[in-house]
Amino acid sequence: MTQQPGLAAYIAVTASYWAFMLTDGALRMLVLLHFHTLGFSPVQLAYLFVLYEIAGMVTNLSAGWIAVRFGLTATLYAGLSLQVVALLLLTQLDTSWQISTSVIFVMMVQGLSGVAKDLAKMSSKSAVKLLAPSEGDGLFRWVAVLTGSKNAVKGFGFLLGAALLASVGFTWAVLGMALILAIILAAVLLAMPKGLPVGRKGAKFSEVFSKSRNVNWLSAARVFLFGARDIWFVVGIPVYFYAVFSDGSEEGNRAAFFLIGSFMAIWTIFYGVIQASAPRILKAATRTEAELIAAARNWALLLAIVPAVLALAVLLTGEPALWLTVSLVAGLLAFGAIFAVNSSLHSYLILAFTKAERVTMDVGFYYMANAAGRLIGTLLSGLTYQLGGLAACLGTAAVMVALSALAAARLQDKPATAPARS
């Protein structure tokens, strides 16, 4: 049974992560919509998030070692602090700058925000392995609740960002978020209970590279899975919906902001709710690890069908239409539900495959792969939309999911695995 100090530490880390992800979601929507209205092309919009994802790759690769060397609380505090700095820097953005200068500045600030996010994420996910109940499907349930709730909170962040942009403008919105996050950081510094491991001075950086076959193949599956989502999520769908909902006037822009932000929020919240419910959907308490590994492949194959069908619908229609917009909303919600089960399975399996003494290293390596997938998806989102519109985004997403299923098929069960009965 988990000790109370450990549970208190887990709750504190989770609450901090929620606050962080609220600002992260709001910031992404603020940056995307603000710069789209300034005339940035789809490729330029994608560039704004490139350094964010590259920074995520580098951070995740080193964050596991940093956590082992200095402790999980240190990485959490660093993540929250860097996000406050990134938000404050964005308030210095000047609309009189040339587009190239603005792109470079926002890329650099987004890179800092990417470092911040992945330090906070690695701290929270590693804490689950160390603090979750070991009996039954306790690990899967704790992972699913943390990941699902985080994405639901990030969904509210998308809506918050769109609402703030429409109501108080870019600068005041960013400044307000920086203030709120700074207050939360101060509260965590003063009240963090004990329960998380401290640093180990002898940790070597070379330990971050996993020698586990399963960890490596699961990381490969993660690259393609999240690349498939961000191909349409980062630029394609927001820009497409903006073209559908806005007439170019200030009032039309404001309405489009709310509609796009609402869709992104609803999608992410729905995705988070399904993630949290994944253990029950999969009946994980009565299934062996081998069955859950097979499920990771099967659910990915099912997921690939959705963007393929949507791409065909967009291609055949040729131009925006009401029935197509409704079909896209319904189809992408279906994508979100199936994607959530896939993602939750991956998040459970990485912790099931790793050992307690390597958890921060393997989780960091796995989320490095996650960031690599988002980077590929981000770059392809702007590129495919500019070259072939939304149909190209969705068609490429279908191929990426199929590749994720092939990687998941390479996972192997440990011998003599017993059912995880509650």
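Per the numbering used here, the very first residue in the sequence shown carries number 18; after that it's consecutive.
Glycine residues also receive a C-beta, built at the ideal position from the N, C-alpha and C atoms.
Nearest-angstrom Cβ-Cβ length linking residue i and residue j, presumed shorter than 8 angstroms
i	j	result
proline 324	alanine 415	4 angstroms
methionine 194	leucine 136	That belief does not hold up - the Cβ atoms of methionine 194 and leucine 136 are roughly 18 angstroms apart, past 8 angstroms.
proline 337	valine 261	5 angstroms
valine 126	leucine 107	5 angstroms
alanine 180	glycine 278	7 angstroms
leucine 428	asparagine 231	5 angstroms
leucine 129	leucine 198	That pair is no contact at about 14 angstroms.
glycine 174	alanine 293	About 17 angstroms separates the two Cβ atoms, so there is no contact after all.
tyrosine 34	valine 160	No, tyrosine 34 and valine 160 are not in contact; Cβ-Cβ is about 13 angstroms, not under 8 angstroms.
alanine 203	histidine 363	Not a contact, Cβ separation roughly 34 angstroms.
alanine 282	leucine 47	The pair is not a contact, with the Cβ atoms about 13 angstroms apart (cut-off 8 angstroms).
isoleucine 248	threonine 401	7 angstroms
Residue from the options with nearest C-alpha to residue i
i	options	result
valine 185	Gln127, Gly128, Phe274	Phe274
valine 256	Gln61, Ser364, His363	Gln61
arginine 45	Ala408, Leu207, Ala204, Lys171	Lys171
threonine 54	Thr112, Leu99, Gly42, Ala72	Thr112
glycine 102	Arg230, His51, Asp41	Sequence check: residue 102 is valine here, not glycine. Comparing Cα positions, the closest option is Asp41.
alanine 422	Ala317, Met378, Phe382, Pro296	Ala317
isoleucine 355	Ile322, Gly128, Leu93, Leu333	Ile322
alanine 389	Ala161, Asn77, Thr31	Asn77
alanine 424	Thr92, Val380, Ala312	Ala312
alanine 29	Thr164, Gly178, Val232, Ile201	Ile201
alanine 91	Ala72, Val120, Val205	Val205
glycine 348	Arg375, Arg158, Ser398, Trp284	Trp284
phenylalanine 352	Leu196, Arg239, Ala245	Ala245
asparagine 387	Phe250, Gly73, Leu49	Gly73
valine 162	Met385, Ile254, Ile291, Arg375	Ile291
Under the three-state DSSP convention, the category residue i falls into
i	result
threonine 305	coil
phenylalanine 57	coil
serine 266	coil
serine 113	coil
alanine 273	helix
tryptophan 185	Tryptophan is not the amino acid found at residue 185; the sequence shown has valine there. Here valine 185 sits in coil by DSSP.
leucine 299	coil
arginine 427	coil
glycine 335	coil
serine 229	coil
threonine 90	helix
threonine 285	helix
threonine 108	coil
arginine 438	With a pLDDT of 40 at arginine 438, under the threshold of 50, the predicted position of this residue should be treated as unreliable, and no value is reported.
With 16 other Cβ atoms within 10 Å as the buried cut-off, status of residue i
i	result
alanine 435	Any answer about alanine 435 is weak, because its pLDDT of 42 lies below 50 and its placement is not dependable; what the coordinates show is given next. Looking at its Cβ environment, which holds fewer than 16 other Cβ atoms inside 10 Å, alanine 435 is exposed.
glutamine 20	Because the pLDDT at glutamine 20 is just 45, under 50, the model does not fix this residue reliably, and the point stays unresolved.
proline 432	Unreliable placement is indicated for proline 432, whose pLDDT of 46 sits below 50; no coordinate value is reported for it.
leucine 65	buried
lysine 134	buried
asparagine 315	exposed
valine 343	exposed
arginine 297	exposed
glutamine 100	buried
leucine 339	exposed
leucine 404	exposed
aspartate 264	exposed
glutamine 109	exposed
isoleucine 116	exposed
glycine 394	buried
glycine 11	Given that the chain is displayed from residue 18 to residue 439, the structure contains no residue 11 and the question cannot be resolved.
lysine 372	exposed
lysine 300	exposed
### Query
Of all the alpha helix (DSSP H) runs that stay within the bounds of the region 329-415, which reach a length of 4 or more residues?
339-370
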